[in-house]
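Peer 1: One structure, pasted below without further comment.
Chains as they are written, first to last, in our numbering: chain H, 33 to 471; chain B, 33 to 471.
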């Protein structure tokens, strides 16, 4: 993308009304614009990151055997009356009346709707296990939306729902999502710690939150330091195998949010391994058995000819919230430092003298070479002064910068800068392509 | 995708409440499920088509220089009060009140919101031309939603918005979208005819609807038969060049929907070229100049130092509606016949005897080969009888079927069936891959 043709409204001012660094940086880099309390437009740079995160999450859901679909944003009140949650949900539910005075709502979550889909089509245990997911905008009418996209009202969530015949199978489905989540967050460049969590309005007795550590985190968290070094299960994990060992490896350690914190248990960890920090919830998984299938009569026939309510779990990842969460975890004094897997562009190409014909020609060629190598490239061919070009590239945090100037051209090299380490090297363009590929 | 692990709730019954063939077929193939009047869940098969259409539309918008972003579904009432459309829009607008009693709405279109984004960031003519687009769910509270996804209430639309300094530049932006639309519909396997159209609640004096012909079309349309044979401008079109010739080539012919029909003009076409048919609107473009920028005070500075309201146009494609529209145009007595570019899977692989070890092994290998060749493959390895497998594949309309049976294995061939022509050939798998690639 040529910057002169792009829409990147970067600002030097630190917005006064943004309390946390991710919100400040998202406004300064022109990633989002607020359209009302907790409601955001995703400007082009922000939208690219949102799409890339959504795609990583999708690939890991697919790998774990979940099947993608899409439920609407607007739901009928009736289903929530069936499950008993219509009154329970309170004022966070955005209730709507249509022109025919029918009660509807903007979905804050989808347990009821997916249970209705399931009971319509699935009658036999033979169709199980089944895991259906979607990535759709949700609305929760928070009384005080804040922290930018971290606690917005309209937000993008990936939610998956598992259906199984027995509780044991249901727990196996839970374990698959548990492992898929670890892989997902790992690919996003994050260390996410699964923690025992309260089940809240979703229900059930088995639940983990996935928490990333950040000073600005909304909740206090407590865990064993050794957990932080455990590698993710890996993309070659066999999701058809028994994953209880993978899960047990992580759940034997102490790790809990403040709601579930047990000081006595925590004290049993050797003191040097006691981590007491702040964290951001980026995913939450639940196994709740028959909480919805029973009242909503979602039953399946068993091999023996009987009929039982289906065992269910649900699995959420806050896709839009992750954009803020990743910035909280990945920034420095000069701006954002994107993990390469979800950077809006992998490479920022800077032409030092766009008015110089030779520089311009070499930079144009480099742009074509980098695109042909499969990279998303932001090509700054504007005639601003170099200092402001460098600052902007640092601010928006692309993992690699390639700088083309007259001196380099004489020597047959470009300058390659790694945004995270700050390391610079003068190398041939082909070598730079290799280094970017290696990540 | 292995069918035994997929969610494809196909039904033999013709749904009584579905009035048109696309709606019937979408219900029978398990593409969508209705969740309320005009509100649909996109089941996995339907969702794949929706995503593929969205991707084709995205690629052609990008090629024409438009920049993707994403606006929220919920908007504040204030902006619509500024433009003067809040009262005008009537009961089709879904109005919402939040917990703090603020007036909001579920966006039926986005002229106001994008004008607000524009005026926030763009101050100078130097940033022009600019074209921003998004693909987002909209809601129009139709009094009688019908025809399935063709006239739903919650629907997915791609809408682009152009901003220019002068009316002349604005018309050039309009021409770029005009050509991009022709290319888009061509890639979707459709012949879309641009027709002069009424501008309705969007406004302006220049507007074209893009219409595909189908017996069940909602409106009567009239055009010159010669238009139907004009090829699309082509993907190598230079969008920086003057496109007025490309547009003129198509707008000199007579073509109008019934609202704009002029019997006297139509009669001037030689009778054998007079096409009077029914059509489905799949896109609609508008140039409306300063209709929104003036009341909303979206101005830019000119080179001379003055300040003028920006010239705008808007450009919609009904992404979810297209799914129905394409089925209306592409089906036969056995079911859907997908154009290859947006088929949910390009190949349906059928194992004739999944319980036979040799057949199963060869079919598994063929599945891996086809996936490695880059195809989306639906692999029917269930133990149903062949007849029902064939019927299902025909019904869901994948462009190619590859059938693996014991006799073919003996001869080193597979059976390749083209869904559209019905043509069958016995060829080696490698040859089949080539034929599918050739399309």
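Every residue, glycine too, gets a C-beta built ideally from N, C-alpha and C.
(1) May I have a chain-ordered list of the alpha helix (DSSP H) segments no shorter than 4 residues that lie completely inside the segment 76-145 of chain H?
(2) So, are the CB atoms of residue 323 of chain H and residue 249 of chain H less than 8 Å apart?
(3) Once the 5 residues before and after residue 36 of chain B are set aside, which same chain residues still bring their CB inside 7 Å of it?
(4) In whole angstroms, what separates the C-alpha of residue 175 of chain B from that of residue 105 of chain B?
(5) Which complete alpha helix (DSSP H) runs does the segment 325-373 of chain B hold, if anything under 4 residues is left out?
(6) Taking the Cβ atom as the reference point for each residue, do residue 395 of chain B and residue 381 of chain B lie within a distance shorter than 8 Å?
(7) Please report the residue range of the beta strand (DSSP E) in which residue 59 of chain B lies.
(8) Could you pull the start and end residues of the beta strand (DSSP E) that residue 444 of chain H belongs to?
(9) Using a Cβ-Cβ cut-off of less than 7 Å, list which residues of the segment 138-161 of chain H approach chain B; keep chain order.
(10) Looking at the secondary structure, which residues open and close the alpha helix (DSSP H) in which residue 426 of chain B lies?
(11) Please report the Cβ distance between residue 103 of chain B and residue 166 of chain B, rounded to the nearest whole angstrom; I am assuming they are in contact, meaning their Cβ atoms lie under 8 Å.
(12) For residue 112 of chain B and chain H, any beta-carbon pair shorter than 8 Å?
(13) Consider the Cβ of residue 108 of chain B: report whether some Cβ of chain H lies at a distance smaller than 8 Å.
(14) Which runs of the beta strand (DSSP E) fall wholly inside the segment 387-412 of chain H and span at least 3 residues, in chain order?
(15) Kindly list the residues whose CB is nearer than 6 Å to the CB of residue 99 of chain B, restricted to its own chain and excluding five residues on each side of it in sequence; keep chain order.
(16) Are residue 354 of chain H and residue 379 of chain H touching if we call contact CB-CB under 8 Å?
(17) Run the CB neighbour count on residue 240 of chain B, radius 10 Å, all protein chains shown included, and call it buried at 16 or more, exposed below.
(18) Exposed or buried, residue 313 of chain B, counting other C-beta atoms within 10 Å across all chains shown (16 or more means buried)?
(19) Between the C-alpha atoms of residue 433 of chain H and residue 393 of chain B, what's the straight-line distance to the nearest angstrom?
(20) Counting Cβ pairs closer than 8 Å, one from the segment 449-469 of chain H and one from the segment 418-437 of chain H, do we hit at least three?
(21) State the start and end residues of the unbroken alpha helix (DSSP H) segment that holds residue 202 of chain B.
(22) When the Cα atoms are used, what is the spatial distance from residue 303 of chain B to residue 244 of chain B?
(23) What number of angstroms, rounded off, separates the C-alpha of residue 383 of chain H from the C-alpha of residue 422 of chain H?
(24) Residue 461 of chain B lies in the beta strand (DSSP E); which residues open and close that run?
(25) Since residue 318 of chain B contacts residue 203 of chain B with CB under 8 Å, what's their CB separation in whole angstroms?
(26) Determine which residues share a DSSP beta bridge with residue 288 of chain B and list them.
(27) How long is the line joining the alpha carbons of residue 72 of chain H and residue 371 of chain H, rounded to whole angstroms?
(28) So who's on the other strand from residue 450 of chain H, going by DSSP bridges?
(29) Let me see if you follow: with CB-CB separation under 8 Å, is residue 374 of chain H close to chain B or not?
(30) Would the beta-carbon of residue 410 of chain B fall within 8 Å of that of residue 33 of chain B?
(31) Is the beta carbon of residue 189 of chain H closer than 8 Å to that of residue 89 of chain H?
(32) Hey, residue 65 of chain B and residue 77 of chain B are a contact pair by Cβ (cut 8 Å); roughly how many whole angstroms apart?
(33) Checking the sheet assignment: what are the DSSP bridge partners for residue 67 of chain H?
(34) On the DSSP letters alone, give me the boundaries of the beta strand (DSSP E) that residue 379 of chain H sits inside.
(35) Is residue 407 of chain H near residue 332 of chain H, with beta carbons less than 8 Å apart?
(36) From what residue to what residue does the alpha helix (DSSP H) around residue 180 of chain H run?
Peer 2: The short version:
(1) 76-95, 109-115 and 117-120
(2) no
(3) 413 and 414
(4) 20 Å
(5) 351-361
(6) yes
(7) Note, residue 59 of chain B: premise wrong, no beta strand (DSSP E); alpha helix (DSSP H) at 53-60.
(8) Premise fails: residue 444 of chain H is in no beta strand (DSSP E) and is neither H nor E.
(9) 145, 149, 152 and 153
(10) 418-428
(11) So it is a contact: roughly 5 Å between Cβ atoms.
(12) no
(13) yes
(14) When DSSP assignments are scanned along the segment 387-412 of chain H, the uninterrupted stretches of beta strand (DSSP E) that are 3 or more residues long and fall wholly within it turn out to be 409-412.
(15) 164
(16) no
(17) buried
(18) The residue is buried, with at least 16 neighbouring Cβ atoms inside 10 Å.
(19) Looking at the backbone, the Cα of residue 433 of chain H and that of residue 393 of chain B are separated by about 49 Å.
(20) yes
(21) 199-219
(22) 21 Å
(23) 11 Å
(24) Note, residue 461 of chain B: premise wrong, no beta strand (DSSP E); alpha helix (DSSP H) at 461-470.
(25) Actually they do not touch by this definition, with Cβ atoms about 12 Å apart.
(26) Per DSSP, B/228 and B/254.
(27) 23 Å
(28) H/432
(29) no
(30) yes
(31) no
(32) Contact doesn't hold; Cβ gap of about 11 Å is too wide.
(33) The partner list for residue 67 of chain H (beta bridge, DSSP) is empty, contrary to what the question assumes.
(34) 379-383
(35) no
(36) For residue 180 of chain H, no alpha helix (DSSP H) encloses it, and the DSSP letter there is neither H nor E.
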